[in-house]
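Protein chains in written order, with the numbering used here: chain A, 463 to 680; chain B, 463 to 680.
2 protein chains.
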Amino acid sequence: MRMGELSRRSGVSVPTIKYYLREGLLPAGTATGRNQADYGDGHLRRLRVIRVLIDVGGVSVTAAREVLAAIDDPDVVGHHLLGVAHHAVAPAARGRRDTEQWRAARAEVDAVVRRRGWAISPDAAALDHVADVICAARALGLDELLAGMDTYADAAELVARHDIDTVVTRAQRGGPGDEQALMVETVITGTVLGESLLTGLRLLAQEATSARTLGDER
Amino acid sequence: MRMGELSRRSGVSVPTIKYYLREGLLPAGTATGRNQADYGDGHLRRLRVIRVLIDVGGVSVTAAREVLAAIDDPDVVGHHLLGVAHHAVAPAARGRRDTEQWRAARAEVDAVVRRRGWAISPDAAALDHVADVICAARALGLDELLAGMDTYADAAELVARHDIDTVVTRAQRGGPGDEQALMVETVITGTVLGESLLTGLRLLAQEATSARTLGDER
DNA sequence: GCCTTTGGATAGTGCCGCTATCTACTACGG
DNA sequence: CCGTAGTAGATAGCGGCACTATCCAAAGGC
Numbered sequence: 463m464r465m466g467e468l469s470r471r472s473g474v475s476v477p478t479i480k481y482y483l484r485e486g487l488l489p490a491g492t493a494t495g496r497n498q499a500d501y502g503d504g505h506l507r508r509l510r511v512i513r514v515l516i517d518v519g520g521v522s523v524t525a526a527r528e529v530l531a532a533i534d535d536p537d538v539v540g541h542h543l544l545g546v547a548h549h550a551v552a553p554a555a556r557g558r559r560d561t562e563q564w565r566a567a568r569a570e571v572d573a574v575v576r577r578r579g580w581a582i583s584p585d586a587a588a589l590d591h592v593a594d595v596i597c598a599a600r601a602l603g604l605d606e607l608l609a610g611m612d613t614y615a616d617a618a619e620l621v622a623r624h625d626i627d628t629v630v631t632r633a634q635r636g637g638p639g640d641e642q643a644l645m646v647e648t649v650i651t652g653t654v655l656g657e658s659l660l661t662g663l664r665l666l667a668q669e670a671t672s673a674r675t676l677g678d679e680r
Numbered sequence: 463m464r465m466g467e468l469s470r471r472s473g474v475s476v477p478t479i480k481y482y483l484r485e486g487l488l489p490a491g492t493a494t495g496r497n498q499a500d501y502g503d504g505h506l507r508r509l510r511v512i513r514v515l516i517d518v519g520g521v522s523v524t525a526a527r528e529v530l531a532a533i534d535d536p537d538v539v540g541h542h543l544l545g546v547a548h549h550a551v552a553p554a555a556r557g558r559r560d561t562e563q564w565r566a567a568r569a570e571v572d573a574v575v576r577r578r579g580w581a582i583s584p585d586a587a588a589l590d591h592v593a594d595v596i597c598a599a600r601a602l603g604l605d606e607l608l609a610g611m612d613t614y615a616d617a618a619e620l621v622a623r624h625d626i627d628t629v630v631t632r633a634q635r636g637g638p639g640d641e642q643a644l645m646v647e648t649v650i651t652g653t654v655l656g657e658s659l660l661t662g663l664r665l666l667a668q669e670a671t672s673a674r675t676l677g678d679e680r
């Protein structure tokens, strides 16, 4: 398959594909001449992954490159991999983390983690991320939201179990390419797509619950 | 309070505050002279809300303006309000929605909604959003993820109930400003912060579950 | 043979969220 | 009453990002 066909089948324009090649998101095709190369199904699949990361995950091109590098790296295994996916999904740090309030929020996160018996590496970015949110909520006086944090944690645990199950199941089932790469790809796309899915369903559930609770005062 | 103090207490630089004034995110202070104005606690609070929307919610300045307009509009009531918040949070449409696969995905969403007895306005943006995600997951062959969609829906319902409860509780408790405005603000900030909180906790729960299931092969 | 497509390289575009600068005016301590 | 610091308002600029446009020489393919 050459560039034109790759473009048509992926829905990504030729200049954009060239851009991704330049940026190292997409590996070069196998050259068949001085100015001719051949692309395979792997390239098509990779392009789909890229679009998911960027469009659905809202990941920057730079972050996507790092994630894709992890997909290709055979040394990345187990749940160290989760760190890579999480790092990419996490937005840049929001505010100052050197305030008294922030440290209090961070302690609150640690308390939740301890209470639930979660084994978390202490340098996980998500710990700080959650602390950021708590800090912001406190600043706005949204204590009711935080009072039910265990509800949120319950929900998070529920989907996380399913997510990990998905990865394990899929690794056993096998699929295109080698097992390792498939598992890595599943973790990353599953993390990104799962987040978006959960977010969307939450909004729907909110509307449904609101209609039921507050009545139909549209 | 004048601009300098507002800047210091909010942590937002003076030029940025001016920019928000220009863009209509922040109402002008009450003028006390030709080039002097007075800002109140409302402005401080508003600035905090703006930062939450932009930093935590990842909302664009344009979308933030619309959301804030809804906060100020006394005619926006009940769960019509949810629509505004959801519209702002929702990212722009990702791909083409005119394909056969997309319509199939959309039908799948409708099926879930019907199965759970959710009363959803048929033009809710979240319906399309979820369909986008399903479409992307199918394209990548991530069927295992979708097989457990009810797990995701359960989790979504769990937090949504809590979210709506929060709004109701808070409206009753009262607080600064009039009830209506407080409720609106709670919906919006709660939607945005809750999403970020849920996302962060999911990542933590994933790591914990992964460590438990896959063992410690770091 | 000749028009189309390709790989490769370089430069440019449009948007977005600020940031810098300027001017004229005001507040305030001394 | 002076001098310095702060302020409102307006305009212009900046840096980053995700593409997009253009050009060239070399295949491809009928």
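Even for Gly, the Cβ is constructed at its ideal location relative to N, Cα and C.
{"Check": "The region 614-621 of chain A touching the region 664-675 of chain B, judged by at least three CB pairs closer than 8 Å", "Outcome": "yes"}
{"Check": "Pairwise C-alpha distance: Met-463/A and Gly-656/B", "Outcome": "45 Å"}
{"Check": "Contact with chain A by Arg-680/B, beta-carbon distance below 7 Å", "Outcome": "Note that Arg-680/B has pLDDT 45, beneath the 50 cutoff, so the model's placement of it is unreliable and no number is given."}
{"Check": "Per-residue DSSP class, three states only, for Thr-561/B", "Outcome": "coil"}
{"Check": "Status (buried if at least 16 other CB within 10 Å, exposed otherwise) for Glu-485/B", "Outcome": "exposed"}
{"Check": "Inter-residue Cα distance where the pair is Asp-517/B and Arg-496/A", "Outcome": "48 Å"}
{"Check": "Cα-Cα separation, Ile-512/A to Leu-487/A", "Outcome": "8 Å"}
{"Check": "Own chain, CB closer than 7 Å to Arg-508/A, minus 5 neighbours either side, in chain order", "Outcome": "Leu-488"}
{"Check": "Neighbourhood of Ile-479/B by C-beta distance below 8 Å, restricted to the same chain and skipping five residues each side", "Outcome": "Met-465, Leu-468, Ser-469, Ser-472, Leu-488 and Leu-509"}
{"Check": "Exposure label - Glu-641/A; buried when at least 16 CB within 10 Å", "Outcome": "exposed"}
{"Check": "Span of the beta strand (DSSP E), counted from its first residue to its last, around Gly-495/B", "Outcome": "492-495"}
{"Check": "Cutoff 7 Å: Asp-625/A Cβ touching any chain B Cβ", "Outcome": "yes"}
{"Check": "Under 9 Å from the C-beta of Val-575/A: neighbouring residues of chain B", "Outcome": "Leu-666 and Ala-670"}
{"Check": "Where Ala-615/B falls: helix, strand or coil (DSSP)", "Outcome": "helix"}
{"Check": "Length of the line joining the Cα atoms of His-591/B and Gln-498/B", "Outcome": "46 Å"}
{"Check": "Residues near Ala-643/A by beta carbon distance below 7 Å, same chain, minus five either side", "Outcome": "Ile-533"}
{"Check": "Cβ pair Ala-599/B, Leu-607/B closer than 7 Å", "Outcome": "yes"}
{"Check": "Beta carbon of Ile-626/B nearer than 7 Å to that of Thr-671/A", "Outcome": "yes"}
{"Check": "With 16 other Cβ atoms within 10 Å as the buried cut-off, status of Gly-579/A", "Outcome": "exposed"}
{"Check": "Reduced DSSP secondary structure (H/G/I, E/B, other) of Asp-627/A", "Outcome": "helix"}
{"Check": "Sequence-distant residues of the same chain with beta carbon closer than 8 Å to His-548/A, five excluded per side", "Outcome": "Ala-586, Ala-587, Ala-588 and Thr-653"}
{"Check": "Identity of the residue in Leu-659/B, Glu-647/B, Pro-536/B and Gly-557/B nearest Val-595/B by Cα", "Outcome": "Gly-557/B"}
{"Check": "Between the CA atoms of Thr-648/B and Arg-576/B - distance to the nearest angstrom", "Outcome": "29 Å"}
{"Check": "According to DSSP, residues forming a beta bridge with Ala-499/B", "Outcome": "Ala-493/B"}
{"Check": "Exposed unless 16 or more other CB atoms sit within 10 angstroms - verdict on Ser-658/A", "Outcome": "buried"}
{"Check": "Chain A contacts made by the region 500-511 of chain B, where a contact means CB separation under 9 Å", "Outcome": "Arg-507, Arg-510 and Val-511"}
{"Check": "Positions along the region 605-621 of chain B whose CB lies within less than 7 Å of some CB in chain A", "Outcome": "Glu-606, Leu-607, Gly-610, Thr-613, Tyr-614, Ala-615, Asp-616, Ala-617, Ala-618, Glu-619, Leu-620 and Val-621"}
{"Check": "Proximity to Val-681/B [Cα-Cα], best of Ala-555/A, Thr-524/A and Asp-535/A", "Outcome": "The displayed coordinates of chain B run from 463 to 680. Any statement about residue 681/B would go beyond what the structure contains."}
{"Check": "Close beta carbons around Val-621/B, own chain, < 8 Å, minus the five adjacent residues each side", "Outcome": "Gly-656 and Leu-660"}
{"Check": "Presumed contact (8 Å Cβ cut-off) between Ala-525/A and Ala-550/A, rounded CB distance", "Outcome": "4 Å"}
{"Check": "Straight-line gap, Ser-475/B to Ala-552/A (C-alpha atoms, nearest Å)", "Outcome": "25 Å"}
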